[in-house]
Amino acid sequence: MDALIHDTSFWTALAFVLFVLLVVWKFRSAVASAVNARPEAIRQELENAENLRDQAQAALAEIQRQQRDATAQAKDIVANAKAEVAHLKAEAQAKLEENIKRREAQATDKIAQAEAHAIQEVRNLAVDLAMAATTQVLTDKLSGRDGDKVVDAAIADLSGKLH
């Protein structure tokens, strides 16, 4: 053992072991707290991950709800637009039919007026021809002053009765 006390390797090894024991004893609480803190940090990260997942699921559910609402709203808008188009189409059809009937009535009135005017012109022409023929016949049959007076009186009387 005497040789051991004088051996530098022994003292170096002993100093090293004592140093390691001192370091372990001194930093044991720090190492233990670090080792114990690791599971706590992992647990907090897991809780954060769960919270983030829950928030993501809530956001997804909200977005899906908004999408359903938007789809329903779009369907309502399309249905309203189709109804409005049908209403406007029916209204335009009714106006078109009304315009057609009104124009037909106007055309019928114009035709009736033209027909009445043509009939009146034919009557006037017939009267004028009858008067001219009567004048000619009476002029040929009646001559002289008496004939002229009778013809003039008849023409005046006939013209007043026919017009």
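All you need for the numbering used here is the position in the sequence shown, starting with 1, plus 40. For every residue, glycine included, the Cβ atom is placed at its ideal position computed from N, Cα and C. Keep in mind the model is a prediction, meaning the values are calculated, not measured.
Beta-carbon proximity check, residue i vs residue j, cutoff 8 Å
{"i": "L198", "j": "M171", "result": "yes"}
{"i": "L44", "j": "F50", "result": "yes"}
Contacting residues, own chain, Cβ-Cβ under 6 Å from residue i (five flanking each side not counted)
{"i": "E87", "result": "none"}
{"i": "N24", "result": "Residue 24 is absent from the structure shown; the chain starts at 41 and stops at 203."}
{"i": "I219", "result": "The chain is shown from 41 up to 203; residue 219 falls before or after that span and cannot be answered."}
Cβ neighbours of residue i in the same chain (closer than 7 Å, five flanking residues each side left out)
{"i": "E131", "result": "none"}
{"i": "H157", "result": "none"}
8 Å Cβ shell around residue i - same chain, five flanking residues per side excluded
{"i": "D94", "result": "none"}
{"i": "D192", "result": "none"}
Residue i beta carbon near the ligand PLP (any heavy atom closer than 7 Å)
{"i": "A154", "result": "The ligand content of the structure shown is nil, which means the ligand PLP is not present either."}
Any C-beta of chain C under 8 Å from that of residue i
{"i": "W65", "result": "The structure shown contains no chain C, having only a single protein chain."}
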